[in-house]
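Only one structure is covered here, and it is reproduced in the block below.
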Amino acid sequence: METVFTCSIDDGHPSDMKTAELLHKHGLRGTFFVPIRNCEGDQVLADAGIRELGRHFEIGSHTMDHRYLKKVDIWHAYHQISDGKARLEDILGVRVNGFCYPGGRYTNRDVELVRACGFTYARTTMNLRFDAGRLPYEMPTTLQLYPHDRAVYLRNFAGSGEWVQRLEGLRLALSREDWIQRLYTMFDHACHHGGIFHLWGHSKQFDELNAWEEIDSFFAHVAARIPFQNRLTNEQLAVRTHYLSSPALAKSA
């Protein structure tokens, strides 16, 4: 299998414009999961910023208010999912097909609500995977771009399941203490063995870490290794790996 690269950024913070600038600079595709508001008080892109971001990248929904769905009742969860989608579609003027569970906190009930609301795929925060999983509404990731210590990876591995599929990712993550070395090690493993490298993160954290130079260098490294046809949005990855139909992609083809 040829190596595929995809990147997804959560929470719709104004710093997303900087991440988008670096992705665009290196000819990489990506997906930004945007809530309309953030109940935790963080800034969210205004409508004009969302539209600007959507000119070059896929925009997915992250609920109306960045609510952890697992913590609310079914009607509240439904409105968070449905209203967030409807509001984004009003802003963008196009169908929104992708969804991401805030905080990775969700139940089977929420998976069914996402499906019922008309999304075609959804992304989780399960990490350490070099594939797109078996379920289009529970797509995993490879690595969060953040300096987690080894204990975080061990806890996540123990609590998230799919241990066989994630064991090699865990070994690689634990083999490097420095988070930038970990990033390159896991990406180069995907390039050598073939598979999917799904990077995700939060632009606000990139800003707080002052990691823009490191991200710029890594994106240049990705662009040198991954052919253009294998640089995908999350939706394109879902369509390719789960054989889904996509009205938005069909319209743009």
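Quick note on this note's numbering: the sequence shown kicks off at 1 and runs consecutively.
Cβ coordinates follow ideal geometry from the N, Cα and C atoms, glycine included.
DSSP places His198 in no alpha helix (DSSP H) but in the uninterrupted beta strand (DSSP E) bounded by 196-201. Secondary structure remark: continuous beta strand (DSSP E) runs of at least 3 residues inside the region 45-88, in chain order: 58-61. Following the DSSP letters along the chain, one finds Ser15 in no beta strand (DSSP E), marked with neither H nor E. In the displayed model, Val222 falls within a helix according to three-state DSSP. Closest in alpha carbon position to Arg109, among Thr31, Ile81, His13, is Ile81.
Sequence-distant Cβ neighbours of Tyr78 in its own chain, meaning closer than 6 Å and more than five residues away, are Leu113. Look at Tyr137 here: in three-state DSSP terms it is coil, with no helix or strand label. Taking Tyr121 as reference, the option from Gly133, Gly169, Ala173, Glu177 with the minimal CA-CA separation is Gly133. Within its own chain, the residues whose Cβ lies closer than 7 Å to the Cβ of Arg225, once the five positions on either side in sequence are excluded, are Cys191, listed in chain order. Taking one beta carbon from each stretch, the region 28-42 and the region 226-243 have 3 or more pairs nearer than 8 Å; the two touch. Cβ-Cβ separation between Asp207 and Ser15: approximately 5 Å, consistent with a contact (criterion under 8 Å). Judged by DSSP in its simplified three-state form, Gly169 adopts helix.
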